[in-house]
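Peer 1: Here it is, the structure, as C-alpha cells.
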Amino acid sequence: MGEARLPFRVALAGNPNTGKTTLFNRLTGSSQKVGNYPGITVDRHTGHMQLPGIGHVDVLDVPGAYSLSARSPEEQLAIQTIAGIPPYPTPDVVVQVLDATQLSRNLYLLLQIIETGVPVVVALNMTDMLAARGETIDVPALEKELGVPVVAVSALRRQGLQQLSMRIAEVLGDPDLGRTTWRWEPQQEALLQDITDVSAAVPDSWCRGSAARRRSFALWALLSVDEADELTAVPEELRLAVGVTRARAQAAQRELESEVIGGRYGWIDEHLPIFLRQGASRGPSLTERLDAVLLHPASGFLIFLALMGLVFQMLFSGADPAIALVEDLFGALGGALDDSLKPGLLRGFLVNGVVAGVGSVLVFLPQIMLLFLFIGLMEDTGYMARVAFLMDRIMKLLGLHGRAFVPMMSGFACAVPAIMATRTMERRRDRFLTMMVVPLMTCSARLPVYSLIIAALFPPSKVFGFLPVQGLLMVAMYLFSTLVALLALAVLGRTVLRGPRIPLILELPPYRRPHLPTVLRMVAQRGSVFVREAGSVILVCTIGLWFLLSHPVSPPLDTDYEGLRSAALETLESDALEQRLTAISSQETGALLRASYAGRVGLAIEPVLEPLGFDWKMGVGLIGAFAAREVFVSTMGVVYGLGAEQDEGSRTLRESIRRETHADGRPVYTPLVGLSLMVFFALACQCMATLAAVRRETHTWRWPIFMLVYMTALAWGASFLVYQGGLWLGFA
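Counting in our numbering, the final residue of the sequence shown is number 736, and the numbers go up one at a time with none missing.
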C-alpha cells in the first residue's frame, strides 16, 4: 500500500511569521521549485526530503494563513491544499508550524486543521526564544490535549529537525497517529442547528465519507461565504444554505462569527495554562519598547519615511553600478557581434533584437533584487507588519489597506519591481488595484525625458528671484503624477475593481534578527521568476520593435548617401572627413527610420497626435519609447539624424529640438508643447516591461491591455486639455 502511494505528500502550514519558510528551507535544502497555483498569482513552493524508512517525500509550503476562513481565491488556497478539496490532492500529513512565543494565536489555525481529519504533526518552533523570555511549554501536556504528535524545534538553529523527520515518518506509516477525536463543541443549540443545516449542503466530494470533514467544512462556510466574498468553486447549494442560515441568525440578532471564533478561543484560553508555564513577571520587552516608537503616529511615520528614502536612494544610486555593468556587458557583446558579422538582416537581428532584448531584461534585475532584499529584510525582522499597520490609517481612505503603500512608493524607482512587490498583499482585488496605478508614479525612466524637454524648452530663470523654474517643473511633474495616481486609485476602486474594503487583520510578531540565507533565497527566486516569465515577453517585444524600426531593409531614399560619401572622400581629409562621414551616416539612419514601418506608423498616427501639439517625429519617438521610456531620447536623436548615442544632456539634440519648425515657419517645440509632452509621458504606459510584469502577475493579457488602454486614453485626454487649454488662454 505504501509503495502505491509514493511519493508521499507533506504540506507545511502555519501562520505568517512563524518560521515556516525557514523550516521548509531546512527540510528541503536545494531541491525547491517555485511555480504558481492555477489561475491565481500565488507562489507555489515545492521541494522534497528524505525520511527514514520512507525515502523520497514531496513537500509543499502552503501560503501562510491566520485561519482557514477565506474571502478570496488566494485565501481559499489554505483550506483547498490542506484539506484536499478537488482539484488539489489531500496531503498525507500536514506539518503545522507553531510559533511558541505566540502560542495562543497560533493554536486557532491548528484547531481548524485538526477538525478536517487530516493527519497532523505539530512543529513547535522558536522554543529557544520562548525560553529566553523565561517561559516554557510542556510538550507532553500539549500533545495529550491535542491528541497529535508535537515536536519542539528551532528551525533557525537546526534543533529538533531529526526528531521531527522521525515523527513525520511515523505518521506516514500509520496515519491514525496524526489523527485525533478532539473537536470543538459549540455550547449554543442554535449554532449546532446551523452547523447541521449547512452540513447537508457540503459537497460529498469534499467530505469523502467523513462526518468530521463535513462538519469542519460547514464551519468554514459559515465564516467565509457571503454575498461579498470572491471565492470560487463554491457550489450554489452551499451558498444558498449559508445565506438562509445567516439571515436566520441576523433575524435573531446573533453574531455567527463571534459565536464560532469566540468559542474556539474560549477553549484555547481555558486550556493554555495546562501546557504554558509562565515565567517571572518582567518589564516591557524589547518589542514593546520599539513599538512605542515605531508605531507612534508621528515618530513611526517619520522613521518609515526616512527608511523609504534610504531604500529609494539605494534603488536609484545603489543599483546604478550593476545596471551600468549589465549595459556595458551587452553593449560590448553587441559591438563585438557588430564588428564580426557582415552587414545584413542577421547582424541587425542579433545585435539590435536578441542582444538588446536580453539586455533590456537583465537591466531590471539589480533594482528588482535590491527592492526584494529590502522587503525580505523588513518582513523577516517583523517591521513590514508594522509598516502595514502604520500606513493603513492613510491608505484606507483610498479603499486599500497599508500593505499597498510600499509597492506604490517603490513605483518612484521602477514600476516593474513595484508590481512584483504587490505579492505581499493577500486579496486579488487589492493587488490588481495597486498594479493598475503603480505605473502612474514617476519612475526613474521618465527623468531623461523630463530633463531633455525642460532643458531644451524652458529657460533657466527663477521665480521670486531664488526658485529655479526648471527645478520647480521637475517637482511639479512628480506631484502631478502622484495626485493622478491617487485619483485613479479612488475611481478604479469604485468602478472596475470595486469591492468591499476588508479591514486589515494582521499579527505583529516580535522583532527578530533576519535570517539572511532565507531572505537571499527569496530574492534569487523572485529574480529568476522575472527573467523566466516577464523576460520572455520583453524579449519578444524588443525584437518586434527592432523589426518596426529597421524594416524595410533597403527602402528608396530621396538622397544619394553613397554619392555624398564618395564626394566627401574626394574632397576632405583627416578629422574633417571623419566628421563628415559620421554626419552622413547619422542623416542616412534618420532617413531610414523615417522610411521604416515605425516611421510610417508615426505618420499614420500624426492626426491623432496633432491636437496634443505633436508631429509624426514625436510619434516615432513614442513608438521607440515603448521599449523603455528613456529610449525616447535616443530615438529622437536618430529621427533628427544625430545618431542614437544622444542623451538628455546632448546640446546638439536640444538645439535640433529648438530649431525644428513646421512648413509655415512656426516652431514645432514650444514650452506649451513641451508641457503637453511631459504630461503625456507622466500618464502613458510607455513601457513594455511594465506590461510584461502585469501579464506575469495576473496570468492574463486582459489586465495589461486594460492598463495600456486606460493610461493611453488618460494621457491623451490630459495632454489635449493642457495643449488646447493653453492655446485658448493665448499661450503659443
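Glycine is no exception: its CB is placed at the ideal position from the N, C-alpha and C atoms. Because the structure is a prediction, the values reported are computed rather than measured.
With respect to the alpha helix (DSSP H) encompassing Gly-729, which residues constitute its N-terminal and C-terminal limits?
Peer 2: The sequence position of residue 729 within the sequence shown is 725, counting from 1. Here the alpha helix (DSSP H) through Gly-729 covers 706-732.
Peer 1: Would you tell me roughly how many angstroms separate the C-alpha atoms of Thr-22 and Leu-113, rounded to the nearest one?
Peer 2: One-based indexing of the sequence shown puts residue 22 at position 18. One-based indexing of the sequence shown puts residue 113 at position 109. Approximately 12 Å between the Cα atoms of the pair.
Peer 1: In whole angstroms, what separates the C-alpha of Pro-20 from that of Arg-431?
Peer 2: Working through the sequence shown from its first residue, we reach residue 20 at position 16. Working through the sequence shown from its first residue, we reach residue 431 at position 427. Pro-20 and Arg-431: Cα-Cα distance of roughly 15 Å.
Peer 1: Can you give the beta carbon distance from Ala-686 to Thr-446, rounded, assuming they're within the 8 Å contact cut?
Peer 2: Translated into positions along the sequence shown, residue 686 becomes position 682. Translated into positions along the sequence shown, residue 446 becomes position 442. The pair is a contact, with the Cβ atoms about 7 Å apart (cut-off 8 Å).
Peer 1: For Asp-272, which residues does DSSP report across the bridge?
Peer 2: As a position in the sequence shown, residue 272 is number 268, starting the count at 1. Per the sequence presented here, residue 272 reads as Ile, with Asp not at that position. DSSP lists no partner for Ile-272.
Peer 1: If you measure from the CB of Leu-695, is any heavy atom of the ligand HEM nearer than 7 Å?
Peer 2: For the ligand HEM, the structure offers nothing, since it holds no ligand at all.
Peer 1: Which of helix, strand or coil does DSSP assign to Ser-485?
Peer 2: On the sequence shown, position 481 is the one that residue 485 refers to. Helix, per DSSP.
Peer 1: Can you have a look at Asp-233 and say buried or exposed, based on whether 16 or more other CB atoms are within 10 angstroms of its CB?
Peer 2: Counting from one through the sequence shown, the residue named residue 233 turns up at place 229. Looking at its Cβ environment, which holds 16 or more other Cβ atoms inside 10 Å, Asp-233 is buried.
Peer 1: Please report the distance separating the alpha-carbon of Phe-334 from that of Ala-697.
Peer 2: By 1-based counting over the sequence shown, the position of residue 334 is 330. By 1-based counting over the sequence shown, the position of residue 697 is 693. Their backbone Cα atoms lie some 22 Å apart in a straight line.
Peer 1: Rank Pro-464, Leu-487, Leu-290 by C-alpha distance to the C-alpha of Leu-477 and give the top, closest one.
Peer 2: Stepping through the sequence shown from its first residue, residue 477 is reached at position 473. Considering only alpha carbons, the answer is Pro-464.
Peer 1: Considering only the alpha carbon of each residue, which of Met-318, Leu-456, Arg-435, Gly-403 lies closest to Arg-498?
Peer 2: Locating residue 498 in the sequence shown gives position 494, counting from the first residue. Among Met-318, Leu-456, Arg-435, Gly-403, the Cα nearest to that of Arg-498 is on Gly-403.
Peer 1: Is there contact here, the stretch 582-590 with the stretch 508-523, by at least three beta-carbon pairs under 8 Å?
Peer 2: Cβ pair count under 8 Å is below three, so no.
Peer 1: Which residue's Cα is closest to the Cα of Val-238: Ile-423, Ala-74, Leu-573?
Peer 2: Residue numbering aside, residue 238 sits at position 234 when the sequence shown is read from its first letter. Among Ile-423, Ala-74, Leu-573, the Cα nearest to that of Val-238 is on Ala-74.
Peer 1: Which residues does DSSP pair with Asn-356 in a beta bridge?
Peer 2: As a first step, residue 356 must be located in the sequence shown, where it is residue number 352. Note: Asn-356 sits in no beta bridge, so no partner.
Peer 1: Tell me which residues share the same chain as Val-495 and place their Cβ nearer than 7 Å to its Cβ, disregarding the 5 neighbours each side in the sequence.
Peer 2: As a first step, residue 495 must be located in the sequence shown, where it is residue number 491. Closer than 7 Å at Cβ, skipping near neighbours: no residue.
Peer 1: Quick one, are the C-beta atoms of Ser-169 and Leu-55 less than 8 Å apart?
Peer 2: In the sequence shown, counting from the first residue as 1, residue 169 sits at position 165. In the sequence shown, counting from the first residue as 1, residue 55 sits at position 51. Against a cut-off of 8 Å, the Cβ pair of Leu-55 and Ser-169 comes out as a contact.
Peer 1: Put Ser-71 into one of helix, strand or coil per three-state DSSP.
Peer 2: Against the sequence shown, residue 71 aligns to sequence position 67. Note: Ser-71 maps to coil in three-state DSSP.
Peer 1: Please report whether the beta-carbon of Glu-582 lies at a distance below 8 Å from any beta-carbon of chain E.
Peer 2: The structure shown contains no chain E; it is built from a single protein chain.
Peer 1: Please look up how many angstroms separate the CB atoms of Ile-118 and Trp-186, rounded, as I've assumed it's under 8 Å.
Peer 2: Numbered from 1 along the sequence shown, position 114 holds the residue referred to as residue 118. Numbered from 1 along the sequence shown, position 182 holds the residue referred to as residue 186. The Cβ separation is near 6 Å, so the contact holds.
Peer 1: When you compare each of Leu-134, Glu-231, Thr-438, Leu-375 to Leu-1 by their alpha carbons, which one comes out closest?
Peer 2: The chain is shown from 5 up to 736; residue 1 falls before or after that span and cannot be answered.
Peer 1: Mind checking which residues open and close the beta strand (DSSP E) that includes Asp-740?
Peer 2: Because the chain is modelled from 5 through 736, residue 740 falls outside the range shown and cannot be assessed.
Peer 1: What span of residues does the alpha helix (DSSP H) with Ala-15 cover, start to end?
Peer 2: For the purposes of this step, residue 15 is taken as the residue at position 11 of the sequence shown. No alpha helix (DSSP H) contains Ala-15, which is instead part of the beta strand (DSSP E) from 12-18.
Peer 1: Nearest CA to the CA of Glu-511: which residue from Ser-108, Glu-139, Trp-732, Val-544?
Peer 2: If you number the sequence shown from 1, residue 511 lands on position 507. That would be Ser-108, whose Cα lies nearest to the Cα of Glu-511.
Peer 1: Based on the DSSP secondary-structure assignment, which residues constitute the bridge partners of Lys-466?
Peer 2: Numbered from 1 along the sequence shown, position 462 holds the residue referred to as residue 466. For Lys-466, which the question treats as bridged, DSSP gives the partners Pro-472.
Peer 1: Determine the extent of the beta strand (DSSP E) in which Leu-401 is found, giving its start and end residues.
Peer 2: Within the sequence shown, residue 401 is the residue found at index 397, counting from 1. Unbroken run through Leu-401: none, as it is neither H nor E.
Peer 1: Using only the alpha-carbon positions, how far apart do Pro-67 and Gly-18 sit?
Peer 2: Position 63 of the sequence shown, counted from the start, is the residue given in the question as residue 67. Position 14 of the sequence shown, counted from the start, is the residue given in the question as residue 18. Going by the C-alpha atoms only, they are around 8 Å apart.
Peer 1: In the DSSP assignment, what residue or residues form a beta bridge with Met-53?
Peer 2: Along the sequence shown, read from residue 1 onward, the residue named residue 53 stands at position 49. Met-53 pairs with Val-61.
Peer 1: What separation, rounded to the nearest whole angstrom, lies between the Cα atoms of Glu-739 and Thr-236?
Peer 2: A query on residue 739 cannot be resolved here, the shown segment of the chain reaching from 5 to 736 and no further.
Peer 1: Quick check on Thr-25: does DSSP put it in helix, strand or coil?
Peer 2: Here the question's residue 25 lines up with position 21 in the sequence shown. Residue state, collapsed to three classes: helix.
Peer 1: The alpha helix (DSSP H) that contains Gln-116, what's its start and end?
Peer 2: Residue mapping note: residue 116 aligns to position 112 of the sequence shown, counting from 1. Residues 107-119.
Peer 1: Could I get the ranges of all uninterrupted beta strand (DSSP E) runs contained in the stretch 122-197, with 3 residues as the minimum, in chain order?
Peer 2: Within the stretch 122-197, the complete beta strand (DSSP E) runs of at least 3 residues are 124-129, 154-156.
Peer 1: Is the separation between the beta-carbon of Leu-616 and that of Ser-723 shorter than 8 Å?
Peer 2: Here residue 616 refers to the residue found at position 612 of the sequence shown. Here residue 723 refers to the residue found at position 719 of the sequence shown. Taking 8 Å as the Cβ cut-off, Leu-616 and Ser-723 qualify as a contacting pair.
Peer 1: Report the CB separation of Gly-121 from Arg-183 in whole angstroms; it is logged as a contact under 8 Å.
Peer 2: Indexing the sequence shown from 1 puts residue 121 at position 117. Indexing the sequence shown from 1 puts residue 183 at position 179. So it is a contact: roughly 6 Å between Cβ atoms.
Peer 1: Could you have a look at Leu-102 and say whether DSSP puts it in helix, strand or coil?
Peer 2: One-based indexing of the sequence shown puts residue 102 at position 98. Residue state, collapsed to three classes: strand.
Peer 1: Once DSSP output is grouped into helix, strand and coil, what is the label at Pro-518?
Peer 2: By one-based count along the sequence shown, residue 518 stands at place 514. Coil at Pro-518, not helix or strand.
Peer 1: Measure the C-alpha to C-alpha separation of Thr-85 and Tyr-92 and round it to an integer number of angstroms.
Peer 2: Within the sequence shown, residue 85 is the residue found at index 81, counting from 1. Within the sequence shown, residue 92 is the residue found at index 88, counting from 1. The alpha-carbon atoms of Thr-85 and Tyr-92 are separated by roughly 6 Å.
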